[in-house]
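Protein chains in written order, with my numbering: chain L, 1 to 163; chain S, 1001 to 1162.
Spelled out as structure tokens, the structure:
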């Protein structure tokens, strides 16, 4: 699998931007048009096309596959790095979620009991981590794939000597 | 391989392309739903709004309001999502333009330029929305090209469509 150029590229794009997206404060760059998730896809395709033999037709299908792989890897990496920060007490997301729930309740929003239990009860970290993993993978999938397609459009080089 | 083939409207229309359009419409519905639900007094509207927090700052002052409630995404993100959705819906009906853009895909960067400039300024919500819309509209063609390519590859190998 490691020899697969698509997987290798996705590992680089998803790994780098997945880790960056989990960093406190720097990860907030995602709030600017999902910049980090899209960036992961663009970077992955950049590496993929660097190794790719130039062809006249832009390989959008390959780009989409690279983007999907980037999304899975990036989502997992973001969650793992986030969990490490959480274990070190540096992660914002658990306290952010608890803070968000407190704000909602202050605003008079009645949350279902299970939401409050998840955020405040025992094992909250594991459940939140699971929710975060699903969210990260879905969002990285969507925007990473879009980034990869944009990357193909930007970085694709046509074969100088077709035929 | 020869030169890039012309993009036909038919080539861009497939069950998967329609599925993509439906997904985009569902995404747009999620952007509007929290505002509509909140105005109707549904207590869990903010839980829906939370879905967008990883990809948008959701600052109410930088978002459009519907029935007095902010949308789940800011004005720029709403423009991006709507532009992409419109692109997915429109490109199959614009085969000549689609062919031109498919031949020179780097042109999408030109459409992104206003957004890149606008990000560095404090502009009105409608400007942020418009630059997002313009940036994302051409990008709607890219997944359609990917789907068309996957389908062509599948039909060559005799397999089922992707």
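Beta carbons are placed, not taken as given, at the ideal position from N, Cα and C, and that holds for glycine.
The structure presented is a predicted model; accordingly, all values stated were derived computationally and were not measured.
Asked, Found
"Using the C-alpha atoms, what's the distance from residue 1022 of chain S back to residue 73 of chain L?", "26 Å"
"If you follow the alpha helix (DSSP H) that residue 70 of chain L is in, where does it begin and where does it stop?", "60-87"
"Cα separation between residue 27 of chain L and residue 84 of chain L?", "15 Å"
"Note down the Cα distance separating residue 1150 of chain S from residue 1126 of chain S, rounded to an integer number of angstroms.", "37 Å"
"If residue 78 of chain L sits next to residue 126 of chain L, beta carbons under 8 Å apart, how far is it from one beta carbon to the other, in whole angstroms?", "So it is not a contact: roughly 17 Å between Cβ atoms."
"Decide if the segment 1042-1059 of chain S is in contact with the segment 1090-1098 of chain S; the criterion is three or more beta carbon pairs, one per stretch, under 8 Å apart.", "no"
"Relative to chain S, which residues along the segment 57-80 of chain L have a C-beta separation below 8 Å, given in chain order?", "57, 58, 59, 60, 61, 63 and 64"
"Looking at the structure shown, is residue 1065 of chain S part of a helix, part of a strand, or coil, going by DSSP?", "strand"
"Pull up the distance between the alpha-carbon of residue 1136 of chain S and that of residue 69 of chain L, whole angstroms please.", "22 Å"
"Can you round the beta-carbon distance between residue 40 of chain L and residue 63 of chain L to whole angstroms, since I take them to be within the 8 Å contact cut?", "Their Cβ separation, rounded to whole angstroms, is 13 Å, which puts residue 40 of chain L and residue 63 of chain L out of contact at 8 Å."
"Taking DSSP as the reference, what is the three-state secondary structure of residue 1070 of chain S?", "strand"
"So is residue 1046 of chain S in contact with chain L if we call contact Cβ pairs under 8 Å?", "yes"
"Taking the CB atoms as reference points, tell me whether residue 33 of chain L and residue 1076 of chain S lie closer together than 8 Å.", "yes"
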